[in-house]
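The listed protein sequences correspond, in order, to chains A and B.
Start counting the first sequence at 2; every next residue gets the next number (our numbering).
Start counting the second sequence at 659; every next residue gets the next number (our numbering).
Idealized CB from N, CA, C, for every residue including glycine.
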Amino acid sequence: MQNITVKWHLAVVVLILLALLIIMRMNDFHHSSEINYQKIHAALEHEIRLDAESELNMLMLLNRHIYHYDQLTASTHRLQQGMFKIDHLIHNIAILSKYFERVQASVDIQTHAINDFKSDLGVLINSQRYFATFIKMLINQYPQHTMALRIYSENVYQYLLQPDDEHLKKVLTQSDEKFLDIPELTRHVHILLTYGQRVQGSIEVAVNCGTAENIQKLSKHFDMQYEHDLKVQNLQKYALKAMIILLLIYLSFLAWRVVSLIQEKSKNHNELLKVKSQLEEKVHDLSKLEQRLRKLFDVIPDAVIVHQYGRCLFANPAAIKMYGHKKNDDLVGKNVLKYIHKDDRSQVAQRIRDSKQVDRVPLLLEKHVRLDGSIFFVEAQGVSFEEDGKQVWVVLLHDVTQRLQEEKESLALKSAMEHSQRLESLGVLAGGIAHDFNNLLSVIMGNVELIKHGVTPSNEVKKYIGNTLKATDKAAGLCQQMLAYSGRGQFIVQAVQLTSLIQDTAELLQVSMKKNITIHYDLNESLPRVQVDQSQIQQIILNLMTNANESMESGSIVCRTGVCHVSHDALKDMTYDWGVEAGDFVFVEVQDQGCGMDQKTLNKIFDPFFTTKFTGRGLGMSAVLGIVRAHHGALDVHSEVGKGTCFRLLLPWDKTNNPSENMPLDVKTDKGRKQGTVLLVDDEAMIRDVACQMLENMGLKVLQAEDGLEAVEVYQSSDVPIGMVLLDMTMPKMDGKACFVALKKINPDVRVVISSGYHASEIQAEFSEYSLAAVVQKPYKYEKLKDIVMSVL
Amino acid sequence: MLKFYAKLCGVWVGMLWSQVAWSLDLSIEPIQPIQVINTNPAKVSLGKKLFFDTRLSHDNSINCAHCHDLTHAGGADHLKYSFGVEGREGAVNSPTVFNAALNFSQFWDGRAATLEEQVNGSVNNHAEMASNWEEILRKLQPDKDYQKLAAPVCKQGLDADCIRRSIAEYEKTLLTLDSRFDQYLRGHESAITAEEKHGYHLFKLYGCVACHQGRNVGGNLYQVLGVMANYFDDFPSNDKASLGRFNVTGDEEDKHKFKVPSLRLVVLTPPYFHDGRIEKLDETIRSMGKYQLGRQIPDQDIASIIHFLYTLPGIYQGKSLEPVKQGQE
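What follows is the structure in structure tokens.
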């Protein structure tokens with residue numbers, strides 16, 4: 002209550018002070034306009050004085066009372082400066098502008114006339130002073146014209162004394178005296194006859210240009226205007242005073258009214274206080290609610306944006322962070338389309354345009370852009386609501402970039418796994434077929450060999466037998482490729498320097514190339530040795546080179562060797578998960594400029610029986626993959642359609658460089674005929690028959706068993722010492738390994754030769770705890786079997 | 659005792675008489691001595707810094723002193739035409755900036771009524787500084803030195819008007835005071851030699867003073883180049899600049915009319931005329947005799963006049979600008 006009263010009192014005091022200030026300002030204004038009035042009059046009077054001074058200076062110069070133009074120039078300059086000053090003083094009095102312009106025009110005319118006066122006066126005086134000397138000079142030069150020149154000069158002087166004598170001027174200008182052809186004389190006479198009038202004219206212009214008169218007119222109109230302004234000001238002053246009185250009366254009334262109102266309202270004060278406290282409580286509750294809601298928005302991990310036709314009205318901290326902003330103000334007010342990737346922008350813009358017709362937008366996947374330009378994916382869902390009579394949208398944005406990435410990776414992994422499993426199962430299938438087929442070939446080959454031994458050399462049948470043997474050889478080769486693919490081919494591991502291997506093969510490679518194709522070698526001479534099967538690696542190189550050759554009509558193939566380091570991630574892409582560890586590798590690279598392959602073809606090149614060639618069997622690259630896998634190596638392929646393909650074979654660099662033992666195990670080279678008993682164990686009757694025949698042909702006694710169990714029985718029950726056991730690996734009841742173990746128990750020195758289609762390293766691994774006499778690879782030929790048997794016995 | 663006083667009085671009267679006898683009546687002399695112009699020291703300091711600041715030009719390469727060398731070329735540059743930014747060539751010979759404040763207008767055609775207007779002209783001229791005030795203020799306003807210098811001088815801070823006024827103020831201090839001839843005018847009879855006095859006599863006799871008079875020995879009127887013989891018939895020129903004052907007023911009478919240059923530093927500022935056509939002073943006087951006076955001035959008289967002209971340069975910053983030996987200017 003007291004506060005309100007004080008405020009009112011203060012307001013009244015301020016208003017009274019204001020009124021006093023206005024009155025004082027009015028006095029000031031009057032005072033300043035009076036000062037201005039004096040200044041303007043002083044300037045105008047000064048200008049009149051300067052006008053007169055410049056005219057006086059001109060006359061003094063003409064009459065040779067002064068001999069330089071500084072004074073005249075100074076007065077002219079001050080005249081012009083005075084005009085600037087007057088302009089500055091009266092520029093806001095519009096009515097005087099036309100009078101001022103008249104003064105300015107007359108001052109300009111005067112200045113111009115003064116400038117002309119200065120130019121002409123000097124020239125005239127010079128000619129006047131020089132003329133007598135010049136005439137004398139001419140008389141000396143032209144004595145024949147002495148009289149004429151004297152008369153002429155007298156006339157000139159006469160004219161100078163009486164410049165109004167037009168007749169004399171005519172006589173002088175129209176004279177036909179010959180000496181008048183002298184240009185200098187003509188020019189001087191012209192100056193003497195005309196410049197006097199010009200100088201006089203300039204003075205008249207300066208005097209009569211009306212500067213003083215125009216200044217007086219300006220002064221008069223200024224006085225009139227000033228008087229008029231004074232009257233107006235007085236009237237305004239009275240009006241203001243009246244207004245102030247009215248204002249004061251009104252203020253008094255207001256003060257009385259306020260006092261009565263205060264008294265009246267004090268009655269309701271307590272009620273008001275109650276209402277106020279209730280309101281404060283409600284405000285407090287609302288504030289808490291608002292805080293809670295705000296906190297809710299702040300902690301929501303997903304972005305929430307409220308927009309109206311694309312213009313952002315609100316954004317929670319998650320949204321600000323999501324788009325890379327630092328504070329709320331940076332996002333609010335912006336157009337949300339700015340944050341939508343251009344691929345989706347038109348769709349979102351369309352949705353914003355259509356938003357009047359719908360109140361909900363289904364969950365959509367959108368591509369958004371951060372402030373730094375990085376892209377991310379969100380699932381966006383929008384709902385509209387009404388705020389202040391306008392439709393606004395709240396949009397919930399959930400960043401799904403990581404989830405999408407994980408899904409994508411999982412899909413790729415699954416696909417790779419499936420491919421790997423497919424290859425694995427194909428490998429098992431190929432291995433199984435090759436194994437059985439090998440057994441059949443052993444039988445065929447053995448029988449044909451036996452036939453061959455029983456036929457006389459001259460017999461024509463021998464030729465057919467030879468053909469049959471060639472065919473079985475090829476079939477055996479095919480079998481080896483299938484086994485190689487399954488990773489179970491014949492395998493002779495030794496330390497090999499791949500550069501030397503390629504150099505040794507170079508000639509053979511060049512012969513097998515087309516004529517227009519050249520091979521460039523980029524070989525590392527100091528390449529470390531690797532533990533590999535030389536013939537199998539040769540087969541890989543030959544396969545790769547042959548494929549390169551067939552992929553192009555002309556050009557060059559580059560063959561490189563070297564050492565490189567390959568990371569775990571890189572290896573993942575190069576192998577089908579057969580578990581190769583990251584590290585240093587020796588590589589052989591074959592790069593061609595051929596037709597290249599698309600991704601679809603690339604995905605299939607290692608599939609058995611997949612071929613792009615008309616004549617191919619589709620086992621070459623499968624075998625390559627099998628060999629690489631068996632060597633625990635990797636194969637990296639890069640291909641681009643139309644540009645070429647690059648295969649890089651990576652073989653682990655065995656830094657310990659332990660020379661491995663060659664397989665088959667060291668055998669004695671005694672190939673002489675030996676005697677003894679051999680126990681032949683094989684579940685295939687046909688193989689047993691053939692092998693039995695072969696061994697008997699070697700002069701050996703043969704005991705047979707069709708599985709492991711029977712072999713153990715035969716071995717135990719044999720009356721004669723068994724010098725060697727030729728043991729098959731895969732058999733029913735008891736397989737080769739179990740049989741071998743059983744035999745070892747009976748006789749630790751038993752000599753066992755394993756007969757198998759699988760490669761030696763696998764057999765060696767199987768029997769790593771025991772000592773094997775030898776391994777013979779199926780299908781075997783008579784001579785080969787003989788060599789091994791003889792060396793073991 | 660009386661004799662002593664009589665003698666003393668005689669000496670005093672003699673001394674007084676000798677003073678009276680040597681002093682000249684300035685009112686009848688066409689040439690007047692130069693007097694100091696009152697200036698505001700703060701404004702002069704600011705103007706001096708601006709005069710030597712290359713940032714007034716568009717590419718920050720040239721300042722006022724580029725064409726008005728105060729140290730070596732008598733306030734001009736000894737070139738026929740000066741060079742502006744990017745090697746652009748001007749159309750007329752640069753006059754000296756010394757005593758420019760005494761000229762009644764600036765430039766050969768008098769298109770600038772004041773020194774301030776002259777600053778405006780040079781700054782904006784494409785062949786000179788090729789800049790503009792917006793660009794200059796952008797460069798100079800952040801400079802703390804200028805902020806400090808401008809504070810007591812310009813109420814609004816450093817603006818275009820302040821720059822113009824300050825440079826003009828500095829130029830008002832570029833006066834060559836107390837020349838030997840001014841000393842002579844003030845009554846020091848021995849300040850100039852008899853030969854030089856003779857030269858002055860001839861200077862008046864031939865009527866050179868009809869134009870070259872006043873404090874600045876010129877610079878206070880316009881005059882046609884070729885009063886007595888047509889200069890432009892002998893040296894035709896299509897250059898617009900050769901039309902002189904006509905370019906400002908458009909008045910036919912003002913064709914080939916130029917501001918009469920000051921001769922105060924004439925011995926220091928070759929080449930001569932608006933077109934910088936003549937390198938030598940004697941040839942210049944000979945040409946003036948022909949085209950302006952309609953007279954042939956003998957070589958001996960020309961030499962005497964040159965002797966007189968050597969008495970005109972004064973002292974700037976305590977150092978005489980007059981060449982030690984004639985011909986070594």
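Checklist entry - Residues bridged to residue 797 (chain A) by DSSP? => result As shown, chain A starts at 2 and ends at 794. That puts residue 797 (chain A) outside it, with no answer to give.
Checklist entry - If you check the beta carbons only, do residue 126 (chain A) and residue 868 (chain B) fall under 8 Å apart? => result What you label residue 126 (chain A) is simply residue 125 of the first sequence in a count that begins at 1. What you label residue 868 (chain B) is simply residue 210 of the second sequence in a count that begins at 1. The answer is yes: Cβ separation under 8 Å.
Checklist entry - Do three or more CB pairs link the region 747-763 of chain B to the region 858-875 of chain B at distances below 8 Å? => result When C-beta atoms of the region 747-763 of chain B are compared with those of the region 858-875 of chain B, three or more pairs fall below 8 Å, so the two segments count as touching.
Checklist entry - If you draw a straight line from the C-alpha of residue 652 (chain A) to the C-alpha of residue 573 (chain A), how long is it? => result Position 651 of the first sequence holds residue 652 (chain A). Position 572 of the first sequence holds residue 573 (chain A). One alpha carbon belongs to residue 652 (chain A), the other to residue 573 (chain A), and they sit about 15 Å apart.
Checklist entry - Does the separation of the CB atoms of residue 679 (chain A) and residue 724 (chain A) fall below 8 Å? => result Here residue 679 (chain A) is taken as the residue at index 678 of the first sequence, counted from 1. Here residue 724 (chain A) is taken as the residue at index 723 of the first sequence, counted from 1. Yes. Within cutoff.
Checklist entry - What did DSSP end up calling residue 42 (chain A) once you bin it into helix, strand or coil? => result Position 41 of the first sequence holds residue 42 (chain A). Secondary structure of residue 42 (chain A) (DSSP, three-state): helix.
Item to check | Residue span of the alpha helix (DSSP H) that contains residue 820 (chain B), given as start and end | outcome: Here residue 820 (chain B) is taken as the residue at index 162 of the second sequence, counted from 1. Its alpha helix (DSSP H) spans residues 818-829.
Checklist entry - Just the Cα atoms here: how many angstroms apart are residue 160 (chain A) and residue 934 (chain B)? => result If you number the first sequence from 1, residue 160 (chain A) lands on position 159. If you number the second sequence from 1, residue 934 (chain B) lands on position 276. Across the structure, residue 160 (chain A) and residue 934 (chain B) are spaced so that their CA atoms are roughly 41 Å apart.
Checklist entry - Mind pulling the chain B residues with CB within less than 8 Å of residue 126 (chain A)? => result Translated into the one-based positions of the first sequence, residue 126 (chain A) becomes position 125. In chain order: 865 and 868.
Next on the checklist: Using a 10 Å radius around the Cβ and a threshold of 16 neighbouring Cβ atoms, would you call residue 284 (chain A) buried or exposed?
Outcome noted: Here residue 284 (chain A) is taken as the residue at index 283 of the first sequence, counted from 1. Classification of residue 284 (chain A): exposed, given that the 10 Å Cβ count is below 16.
Next on the checklist: Measuring only the C-alpha atoms, how far is residue 769 (chain A) from residue 701 (chain A)?
Outcome noted: Here residue 769 (chain A) corresponds to residue number 768 of the first sequence, with the count starting at 1. Here residue 701 (chain A) corresponds to residue number 700 of the first sequence, with the count starting at 1. In a straight line, the C-alpha of residue 769 (chain A) is about 29 Å away from that of residue 701 (chain A).
Checklist entry - At least one CB of chain A closer than 8 Å to the CB of residue 871 (chain B): is that the case? => result Taking the second sequence and counting its residues from 1, the one referred to as residue 871 (chain B) is at position 213. Residue 871 (chain B) belongs to the set of residues whose beta carbon lies under 8 Å from a beta carbon in chain A.
Checklist entry - If you measure from the beta carbon of residue 137 (chain A) to each beta carbon in chain B, is any gap under 8 Å? => result Counted from its first residue, the first sequence places residue 137 (chain A) at position 136. No, residue 137 (chain A) does not count as interfacial toward chain B.
Next on the checklist: Strictly under 8 Å for the Cβ-Cβ distance: is residue 79 (chain A) near chain B by that measure?
Outcome noted: One-based indexing of the first sequence puts residue 79 (chain A) at position 78. For residue 79 (chain A), the answer is no, since every Cβ of chain B falls outside 8 Å of its Cβ.
Checklist entry - Which value, in whole angstroms, describes the spacing of the CA atoms of residue 211 (chain A) and residue 859 (chain B)? => result The residue you call residue 211 (chain A) lines up with position 210 of the first sequence. The residue you call residue 859 (chain B) lines up with position 201 of the second sequence. Straight through space, the alpha carbons of residue 859 (chain B) and residue 211 (chain A) are spaced by roughly 41 Å.
Item to check | residue 522 (chain A) - containing alpha helix (DSSP H), residue span | outcome: Counting from 1 along the first sequence, the entry for residue 522 (chain A) is found at position 521. Premise fails: residue 522 (chain A) lies in the beta strand (DSSP E), 518-523, not in any alpha helix (DSSP H).
Next on the checklist: Going residue by residue through the region 372-453 of chain A, where are the continuous beta strand (DSSP E) segments of at least 3 residues, counting only ones entirely within it?
Outcome noted: Taking only runs of at least 3 residues, the beta strand (DSSP E) segments lying wholly in the region 372-453 of chain A are 376-388 and 391-400.
Item to check | Among B:780, B:815 and B:774, the one whose alpha carbon lies nearest that of residue 825 (chain B) | outcome: The count along the second sequence starts at 1 and reaches residue 825 (chain B) at position 167. For residue 825 (chain B), the closest C-alpha among the options B:780, B:815 and B:774 is that of B:774.
Checklist entry - Per DSSP, residue 561 (chain A) is paired with what? => result Taking the first sequence and counting its residues from 1, one reaches residue 561 (chain A) at position 560. Under DSSP, residue 561 (chain A) takes part in a beta bridge, and its partners are A:523 and A:590.
Next on the checklist: Please list, in chain order, the chain A residues whose beta carbon lies closer than 9 Å to that of residue 858 (chain B).
Outcome noted: Within the second sequence, residue 858 (chain B) is the residue found at index 200, counting from 1. Within chain A, no C-beta atom comes less than 9 Å from the C-beta of residue 858 (chain B); the nearest is roughly 13 Å away.
Checklist entry - Listed in chain order, which residues of the region 232-265 of chain A have Cβ atoms closer than 9 Å to some Cβ of chain B? => result If the cut-off is 9 Å between Cβ atoms, the region 232-265 of chain A has nothing near chain B.
Checklist entry - Excluding five sequence neighbours on each side, which residues of the same chain lie with their C-beta closer than 8 Å to the C-beta of residue 738 (chain A)? => result Mapped onto the first sequence, residue 738 (chain A) falls at position 737. Excluding positions up to five away in sequence, the list reads 730, 767 and 768.
Checklist entry - Can you name the residues of chain A whose CB is closer than 7 Å to the CB of residue 685 (chain B)? => result As a working note, residue 685 (chain B) is residue 27 in the second sequence. The answer, in chain order, is 67.
Next on the checklist: What would DSSP say about residue 918 (chain B), mapped onto helix, strand or coil?
Outcome noted: For this step, residue 918 (chain B) is matched to residue 260 along the second sequence. DSSP places residue 918 (chain B) in coil when its eight states are reduced to three.
Checklist entry - Three-state secondary structure (DSSP) at residue 505 (chain A)? => result For the purposes of this step, residue 505 (chain A) is taken as the residue at position 504 of the first sequence. Under the three-state reduction of DSSP output, residue 505 (chain A) falls in the helix class.
Item to check | Three-state class that DSSP yields for residue 729 (chain A) in the structure shown | outcome: Counting from 1 along the first sequence, the entry for residue 729 (chain A) is found at position 728. Looking at residue 729 (chain A) - three-state DSSP - the assignment turns out to be strand.
Item to check | C-alpha gap between residue 467 (chain A) and residue 526 (chain A), whole angstroms | outcome: Here the question's residue 467 (chain A) lines up with position 466 in the first sequence. Here the question's residue 526 (chain A) lines up with position 525 in the first sequence. Whole-angstrom Cα-Cα distance: 43 Å.
Checklist entry - Any Cβ of chain A within less than 8 Å of the Cβ of residue 919 (chain B)? => result In the second sequence, counting from the first residue as 1, residue 919 (chain B) sits at position 261. False, the Cβ-Cβ gap to chain A never drops below 8 Å.
Checklist entry - Where does residue 697 (chain B) fall in DSSP's three states? => result Your numbering for residue 697 (chain B) matches position 39 in the second sequence. In the displayed model, residue 697 (chain B) falls within coil according to three-state DSSP, outside both helix and strand.
Item to check | Beta carbon of residue 768 (chain B) nearer than 8 Å to that of residue 923 (chain B) | outcome: Within the second sequence, numbered from 1, the residue matching residue 768 (chain B) stands at position 110. Within the second sequence, numbered from 1, the residue matching residue 923 (chain B) stands at position 265. No. Outside cutoff.
Checklist entry - Is the Cβ of residue 561 (chain A) closer than 8 Å to any Cβ of chain B? => result For this step, residue 561 (chain A) is matched to residue 560 along the first sequence. Residue contact check for residue 561 (chain A) against chain B: no CB pair falls below 8 Å.
Next on the checklist: Looking at the strands, I want to know which residues DSSP matches up with residue 641 (chain A).
Outcome noted: By one-based count along the first sequence, residue 641 (chain A) stands at place 640. Looking at the DSSP output, residue 641 (chain A) sits in a beta bridge with A:645.
Next on the checklist: Which residues in chain B have a C-beta closer than 8 Å to the C-beta of residue 120 (chain A)? List them in chain order.
Outcome noted: Position 119 of the first sequence, counted from the start, is the residue given in the question as residue 120 (chain A). Those are 879, 880, 881, 882 and 915, listed as they occur along chain B.
Checklist entry - What first and last residue would you give for the alpha helix (DSSP H) that runs through residue 717 (chain A)? => result Along the first sequence, read from residue 1 onward, the residue named residue 717 (chain A) stands at position 716. Unbroken alpha helix (DSSP H) run through residue 717 (chain A): 709-718.
Checklist entry - Using the C-alpha atoms, what's the distance from residue 786 (chain B) back to residue 735 (chain B)? => result As a position in the second sequence, residue 735 (chain B) is number 77, starting the count at 1. As a position in the second sequence, residue 786 (chain B) is number 128, starting the count at 1. Approximately 14 Å between the Cα atoms of the pair.
Item to check | Simplified DSSP state of residue 143 (chain A), which is helix, strand or coil | outcome: Along the first sequence, one-based indexing puts residue 143 (chain A) at 142. Three-state result, residue 143 (chain A): coil.
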